[in-house]
Amino acid sequence: MIVRATIRGIMVILALALIVSVSVAEEKKVTTGKEVSIEYTLKLEDGTVVDTNVGGKPFTFVQGTHQIIPGLENALEGMKVGEKKHVVLKPKDAYGEVDKNAFVEVPKEKVPEGVKEGTYLQGTSPQGERILVR
15 MIVRATIRGI MVILALALIV SVSVAEEKKV TTGKEVSIEY TLKLEDGTVV DTNVGGKPFT
75 FVQGTHQIIP GLENALEGMK VGEKKHVVLK PKDAYGEVDK NAFVEVPKEK VPEGVKEGTY
135 LQGTSPQGER ILVR
């Protein structure tokens with residue numbers, strides 16, 4: 015499954031290989047109110063793996079209760095046990111559009127020496143609140 019999403023203001027493509035198993039005896043397909051377990055691999059557009067649970071504990075949620083991103087929930091609706099699927103989602107159907115106001119440039123001289131690009135740092139907002147920055 016390919017999911018185009020914005021995570022904390024960064025546009026990414028999430029690739030999900032889904033194996034859906036539905037914990038329901040009667041009708042073995044994904045419908046609202048049913049408990050669903052999935053295996054997935056999330057990848058950036060360049061193929062970098064962001065997260066995976068393949069070979070580990072499946073991710074379990076109740077379909078239709080908004081526990082997962084809306085586009086993924088919609089894409090899973092009606093899938094059958096064991097089915098695999100590829101889907102492309104727009105940011106609005108995943109984590110939301112990029113919030114350009116969420117970015118603040120920090121002069122290089124204010125960044126500790128030796129910090130690599132992409133590293134998360136703890137900072138303080140002008141109001142004195144602790145914030146996580148990257």
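Here this note's numbering is used: position 73 in the sequence shown is 87, and no number is missing along the way. Yeah, the Cβ is synthetic: ideal placement off N, Cα and C, and Gly gets one too. Bear in mind the structure is a predicted one, so any value in this text is a computation, not a measurement.
Flag this pair as yes or no: are the beta carbons of residue i and residue j separated by less than 8 Å?
{"i": "A70", "j": "T46", "result": "The displayed chain sequence assigns Gly, not Ala, to residue 70. No, the pair does not count as a contact, with Cβ atoms beyond the cut-off."}
{"i": "I83", "j": "A108", "result": "yes"}
{"i": "V76", "j": "E119", "result": "no"}
{"i": "V129", "j": "G92", "result": "no"}
In or out: residue i buried (at least 16 other Cβ within 10 Å) or exposed?
{"i": "G85", "result": "buried"}
{"i": "K124", "result": "exposed"}
In whole angstroms, what is the alpha-carbon distance linking residue i and residue j?
{"i": "L146", "j": "G137", "result": "6 Å"}
{"i": "G110", "j": "G142", "result": "27 Å"}
{"i": "N88", "j": "T133", "result": "34 Å"}
Can you tell me which of the options puts its alpha carbon nearest to the alpha carbon of residue i?
{"i": "Y54", "options": "D60, G96, K48, H80", "result": "G96"}
{"i": "V101", "options": "L56, V63, K42, D65", "result": "L56"}
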